[in-house]
Amino acid sequence: MGVSMTYELVIRNGTVVDGSGLARYRADVGVIGDKITKIGRISEKGNEEIDADGHVVTPGFIDGHTHMDAQINWDPLGTSSCWHGITSVVMGNCGFTLAPARAAERELVVRNLERAEDISAEAMAAGIDWTWETYPEYLDALEKLPKGINYGGYVGHSALRTWAMGERAFEEAANDADMKIMENELRNSLRAGALGFTTSRTFNHQTSDDRPVASRVATWDEVAALVHVMGREGGGIFEIAGEDVGRDPQKQADYYGRLENLAVETGCAITFGVASGRFPKGEHRAMLDLLDRTAARGGRMFGQAHAREFNVVLSFKTQIPFDVLPEWKELRTWPLAEQKRALQDPAMLDKLIAAAEDGAWAKGVGAEARKPDYDWIRVMDSPMPPYKTVAEVAAERGISPARCMIDLAVESDFEQFFLQPIANGDQDVVLEIMKHPHCVTTFSDSGAHVSQLMDSSIQTHVLGYWTRQREAFTLEEAVRGLTLLPSTAWGFHDRGLLREGLKADICVFDPDTVGPAMPAVAHDLPGGATRLTQKSVGIKATVVNGSTLTLNQEHTGNLPGEVLRGPLAR
């Protein structure tokens, strides 16, 4: 006679897509504590039950590229990631972390973050209780914070430089004494649970006073020396926001050769974003070839694929391309109601349209709005493509594109969103990158670019657009790409699969309806600063470490998230 079990949670009547890529099957899932204890037919009633009839039951999704280092201090739930089936995230990318930071020099790590990642210095000042200096102390502080989802983190190069060098980190190369300080803190960080080390060498990361962030001042020898520290420690991932080599074959060969050799020499996994331009000319293939060459030499290297165009989200409630023009600057400081009245005044409107059509724009940095190319700016009238361009809608109305943007905004009481692509212009190329065997689909940047981008919905976009609409993936392939592949890449070996004995991070969704909802504008950052948010449709439940976090897109009140420490701390 079998032993009767008392399950704390039973997810009943669902179709299991277990993350492995194997075929789906009907089964119940039983949970005790934070682990899956049975997958099969369960006759016993659970203390809590979720009816998954008509839904699939999958592992929770894992996002390997976020910047939630600051947000975790004031947002226990982990929005907007938690609304999209994401149960674990990796933060600290691109060299930006809040630790290490000496108490008297916290402004230096804030300086690295505020423009490069569009995280308000005022929000950080109001929302962070700085109880740490070192990175190990930061991880211990995170343990004490209430968390809805799981967080792992890297230690960032810019923070290591300001820890060792102070203000000099923005001005000069490190000397031998500086290197010893950085190497020691890196070792301590890895042993405490940092997942690895990150840096940035791209023009897109600048401070608010138009200087390079601290990591960009470093020599390549400095970067390589720190990665070698990880290699000698025997664990850790190196993530890099890479050098701006563009389509120059000589620059590509030099930079990619250095990365390849570093992976082989150190034994560390190296990861970076793989994307293409707005008008791609095959430059992504040089990065894919680098992944293949490194693997052939026995090195570990994986690319991070986005799942759509890299879009700046535009609206009068956040940012528009006209904001930088002298004729627009004062208007854009007014309350929206006053802006609306001004835009309905014919004389004022003519003046503003003339400026918008003849204005001079500086080069856009990062996710800042660019000079408008109306043949590329999309009118976002639904959460997923296809979209009409502003130029197309303007032609239908018989007006100029600038006038069209303004009219659409005013007619919607400024609810209208527009999408301005800055990369990944060819979706067939995006799909090629996503399907490459050494790439993982991720790269939401959640927690950063908070008023500029909204890519927390990449996972639901994969399910709704690429899987259901385009049929580019089977459901099993798509789920594997959002669960097992990232859990393997980042070393979360007790997650990413539905298996008895593994952690109960679970998503329940309707494959016929799942997808992003429309974005929204919120003023819920500390101090009331603005950010973009986005929920999803079709997700019934998200379970984290055995506790139901969201049910029908509402928070249950549970906060079961954990800090995911790296291999040297386990």
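Numbering of the sequence shown is given in numbering that gives the first Met the number 0, commencing with residue 0 and proceeding in unit increments. Glycine is no exception: its CB is placed at the ideal position from the N, C-alpha and C atoms.
Straight-line measurement puts the Cα of A477 at about 8 angstroms from the Cα of G20. At the C-beta level, W375 and P320 stay beyond 7 angstroms of one another. Taking a 10 Å sphere around the C-beta of H522, we find fewer than 16 other C-beta atoms and assign the residue as exposed. A distance below 7 angstroms between beta-carbons, with the five flanking residues on each side excluded, links A503 to the following residues of its chain, in chain order: V30, D33, K34, I35, V542, N544, G545. Beta-bridge annotation (DSSP): H554 is paired with T549. Between C506 and G84, the gap from beta carbon to beta carbon is short of 7 angstroms.
Per DSSP, reduced to three states, the secondary structure at L531 is strand. Residues L289, R292, T293, R296, G298, M300 of the same chain have their beta carbon placed closer than 8 angstroms to that of E259, with the five preceding and five following residues left out of the count. Closest in alpha carbon position to P515, among L531, G495, L524, V536, is V536. The continuous beta strand (DSSP E) containing L8 extends over residues 8–15. Contact check for D62 against T332 fails: the beta carbons are separated by 7 angstroms or more.
In this structure, the beta-carbon distance from P58 to T532 does not fall below 7 angstroms. Under the three-state reduction of DSSP, Y153 is assigned to coil, being neither helix nor strand. Here A176 is exposed, its C-beta having fewer than 16 other C-beta atoms within 10 Å.
Around the beta carbon of Q343, a 10 Å sphere encloses fewer than 16 other beta carbons of the protein chains shown; the residue is thus reported as exposed.
With a cut-off of 8 angstroms on Cβ pairs, the stretch 210–221 is not in contact with the stretch 366–385, counting fewer than three such pairs. If you draw a straight line from the Cα of S381 to the Cα of S42, it is about 42 angstroms long. At least 7 angstroms separates the beta-carbon of G192 from that of L225. Per the DSSP secondary-structure output, Q303 pairs in a beta bridge with G272, V439. When the five nearest sequence neighbours on each side are left out, the beta carbons in the same chain lying within less than 6 angstroms of the beta carbon of L8 are those of V30, G45, E47, in order along the chain. Taking every protein chain shown into account, the CB of P279 has 16 or more other CB atoms within 10 angstroms, so this residue is buried.
Of the candidates S87, G560, D357, G560 places its Cα closest to the Cα of K143. According to the DSSP assignment, G29 belongs to the beta strand (DSSP E) that extends over 24–31. Ranked by how close their Cα comes to the Cα of D243, the residues G18, T96, V364 have V364 in first place. Boundaries of the beta strand (DSSP E) harbouring A240: 236–240, taken from the DSSP string. By the C-beta density criterion, R231 is exposed, having fewer than 16 other C-beta atoms within 10 angstroms. Every alpha helix (DSSP H) stretch that sits fully inside the stretch 139–204 and reaches 4 residues is listed by chain position as 156–164, 175–191. Straight through space, the alpha carbons of V15 and A22 are spaced by roughly 9 angstroms. DSSP places D62 within a strand segment (E or B) once states are collapsed to three. The alpha helix (DSSP H) runs lying completely inside the stretch 480–533 and spanning 4 residues or more are 483–488, given in chain order. Closest in C-alpha terms to M517, from the list L501, M453, G272, comes M453. In the three-state reduction of the DSSP assignment, E391 falls in the helix class. Boundaries of the alpha helix (DSSP H) around M404: 400–410.
Around the C-beta of T130, fewer than 16 other C-beta atoms lie within 10 Å, and the residue is accordingly described as exposed.
Residue burial annotation: Y24 is exposed, with fewer than 16 other C-beta atoms found within 10 angstroms of its C-beta.
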